[in-house]
Amino acid sequence: MARTKKLVKKNKKAKKKRRTHEQSVRDGKKAHDETIGPSHDECEKKLRREYQNDHVTSTTGMPDFVIFNKGTKFVELKPCRLSKNQRASFERMYLSLTQEITILFLLNCSAYVGIRYYIKTGKTFTYSKVIKLSPKNLKRFCLSTPWEERADPDDLF
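The numbering of the sequence shown is the working numbering, which starts it at 38 and goes up by one.
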């Protein structure tokens, strides 16, 4: 009896399949169509309303938005929650190592860099205020920092 239970457990573990490349691509396109694309479009409209006298443009690279006026401002958009009880993954919620290096370079060039979080509820998005990043507080928003020292984006709403 005990032997059959072990075999059943072993078979359950063996049945789990790895995700194929096609599944990953399909899920990535779905995420972009349902969350990433609409959140960026709506945030761009919101930034244009906030900075009416400036030119706001969305970029395909890092950071997500560039605001042109006398000085250039950069804004990075990050998810906080994707539904009422579902947090975004830590990899998406915090700045990656590449983003951290890029933002640190911009800060050393005396550029204004900010980060903005959003919560997705159904098809609507709620945005936090733009948080100005500095070399001192940058690490609080980075994935490379231990989780105890990171800022909790839920506190911004």
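Glycine included, each C-beta is placed from N, C-alpha and C at the ideal position.
> Of all the beta strand (DSSP E) runs that stay within the bounds of the segment 83-125, which reach a length of 3 or more residues?
Replying inline: 92-95, 102-105 and 109-120
> LYS160 to THR96, Cα distance in whole Å?
Replying inline: 23 Å
> With HIS77 and LEU119 assumed to form a contact (beta carbons below 8 Å), what rounded beta-carbon distance in angstroms separates them?
Replying inline: Rounded, the Cβ-Cβ distance is 15 Å, inconsistent with contact.
>> Applying the 10 Å Cβ sphere with the 16-neighbour rule, what's the burial state of LYS166?
In response: exposed
> Ends of the alpha helix (DSSP H) at ARG129?
Replying inline: 127-130
> By Cβ distance below 6 Å, which residues in the same chain neighbour TYR88 in space, the five residues on each side in sequence not counted?
Replying inline: ILE104
>> Just to confirm the assignment, what range does the alpha helix (DSSP H) spanning THR163 have?
In response: That residue, THR163, is in no alpha helix (DSSP H); its beta strand (DSSP E) goes 161-164.
> Mind checking LYS107: buried by the 16 CB within 10 Å criterion, or exposed?
Replying inline: exposed
> Beta-carbon separation of LYS110 and GLY151 under 8 Å?
Replying inline: yes
> Quick one, are the C-beta atoms of LEU144 and SER126 less than 8 Å apart?
Replying inline: no
> Between which two residues does the alpha helix (DSSP H) containing THR139 stretch?
Replying inline: 134-145
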